[in-house]
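To start, the structure itself, in structure tokens.
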Amino acid sequence: MSTTTATGRNEQRHGMPYLVMTRQFRAPIDDVWAAVTESDRLARWIGTWSGDPAEGEVTFQMRYEGDDVPSERFVIDECEAPHRLAITTEAPYEAEQVTWHLELDLAEADGVTTLTFAQSVPDPAMAESVGPGWDYYFDRMVVAETGGDVTAVVFDDYYPALSEHYKAEFGS
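Rendered as structure tokens:
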């Protein structure tokens with residue numbers, strides 16, 4: 018079991034609660050942008066997409082959630098390469114269909130690129146599983162981008178271990 022840390026916080030954006038977390042990379046902004054937007058780079062840590070982003074949407078498939086996870090339609094709301102990507106998707110969450118808003122913002126200073134990720138949390142109770150999930154995936158991204166073995170990042174080290182942090186952060 019590895020030592021993991023909850024890094025997300027609750028932040029109000031657009032009149033609703035968002036889970037917000039950051040990661041830093043000693044890499045140029047264009048390289049980090051590629052890691053979050055190019056399908057083959059995403060495949061190393063979270064999933065793949067298909068389609069033509071110029072049409073305003075792609076189909077995204079999680080690769081590390083099991084074999085029966087349905088693909089999701091990601092609508093591209095904003096894309097200002099290499100600084101901002103905002104997406105809306107609908108996906109099943111437990112017994113219901115949920116609309117998620119995701120935002121990725123990148124900024125580079127002194128050879129370090131900071132990625133700030135935000136996802137809407139329509140129900141505070143969702144944070145106890147969504148938060149650990151994103152900590153897991155962004156830790157996988159860090160490992161992938163530094164040339165490490167992403168299989169060393171184990172989901173069971175994140176969930177339910179980090180759930181209490183997110184319950185407290187979102188008041189659920």
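For the sequence shown, position 47 matches number 64 in the working numbering, and the numbering has no gaps at all. We treat Cβ as the ideally placed atom computed from N, Cα and C, and that holds for glycine. What you are looking at is a predicted structure, and each value in this text was computed from that prediction instead of being measured.
> Hey, quick one: how far does the alpha helix (DSSP H) through Ala161 stretch, first residue to last?
Replying inline: Element bounds for Ala161: Ala144 to Glu162.
>> What does the Cβ neighbour count give for Thr130, buried or exposed, with the cut at 16 atoms within 10 Å?
In response: It counts as buried.
> If we call anything under 8 Å between Cβ atoms a contact, is Ser180 one with Pro141?
Replying inline: Not in contact: Ser180 and Pro141 (Cβ atoms no closer than 8 Å).
>> Within the continuous beta strand (DSSP E) that includes Tyr35, where are the two ends?
In response: Where Tyr35 is concerned, the enclosing beta strand (DSSP E) stretches over Met33 to Phe42.
>> Please tell me whether Arg90 and Thr106 are closer than 8 Å, where the distance is taken between their beta carbons.
In response: Contact annotation: Arg90 and Thr106 have beta-carbon atoms nearer than 8 Å.
> Measuring CA to CA, which of Glu82, Gln136 and Ala124 is closest to Thr116?
Replying inline: Closest by alpha carbon: Gln136.
> Quick one, which of Lys184, Phe172 and Glu186 has its alpha-carbon nearest Gly83's?
Replying inline: Checking every option, the nearest Cα to that of Gly83 belongs to Phe172.
> In this structure, does DSSP put Ser67 in helix, strand or coil?
Replying inline: Here DSSP, grouped into helix, strand and coil, assigns Ser67 to strand.
> Which one of Thr24, His118 and Ala126 has the shortest CA to CA distance from Met33?
Replying inline: The option with the nearest alpha carbon to Met33 is His118.
> Counting along the chain, where does the beta strand (DSSP E) carrying Val170 start and finish?
Replying inline: Boundaries cannot be given for Val170, as no beta strand (DSSP E) includes it and DSSP labels it neither H nor E.
> What residues in its chain sit with their C-beta under 8 Å from that of Val86, if we drop five residues either side in the sequence?
Replying inline: The residues Gln78 and Met79, in chain order, have a CB closer than 8 Å to that of Val86 in the same chain once the five nearest residues on each side in sequence are set aside.
> Grouping DSSP H, G and I as helix and E and B as strand, with all else coil, what is Val138?
Replying inline: Three-state DSSP puts Val138 in coil, outside helix and strand.
>> For Val147 and Val53, I'd like the C-alpha separation in whole angstroms.
In response: Between the alpha carbons of Val147 and Val53 lies a gap of roughly 18 Å.
> Excluding five sequence neighbours on each side, which residues of the same chain lie with their C-beta closer than 6 Å to the C-beta of Ala161?
Replying inline: The residues are Arg61, Trp62 and Val167.
> Taking DSSP as the reference, what is the three-state secondary structure of Leu119?
Replying inline: Under the three-state reduction of DSSP output, Leu119 falls in the strand class.
>> So, under 8 Å CB-CB, Tyr175 and Pro149 are touching, yes? Tell me the CB distance rounded to an integer number of Å.
In response: Between Pro149 and Tyr175 the Cβ distance is about 4 Å, and since that is below 8 Å, they are a contact.
> The alpha helix (DSSP H) spanning Asp47 covers which residue range?
Replying inline: It spans Ile46 to Thr54 - the alpha helix (DSSP H) in which Asp47 sits, taken as one unbroken run.
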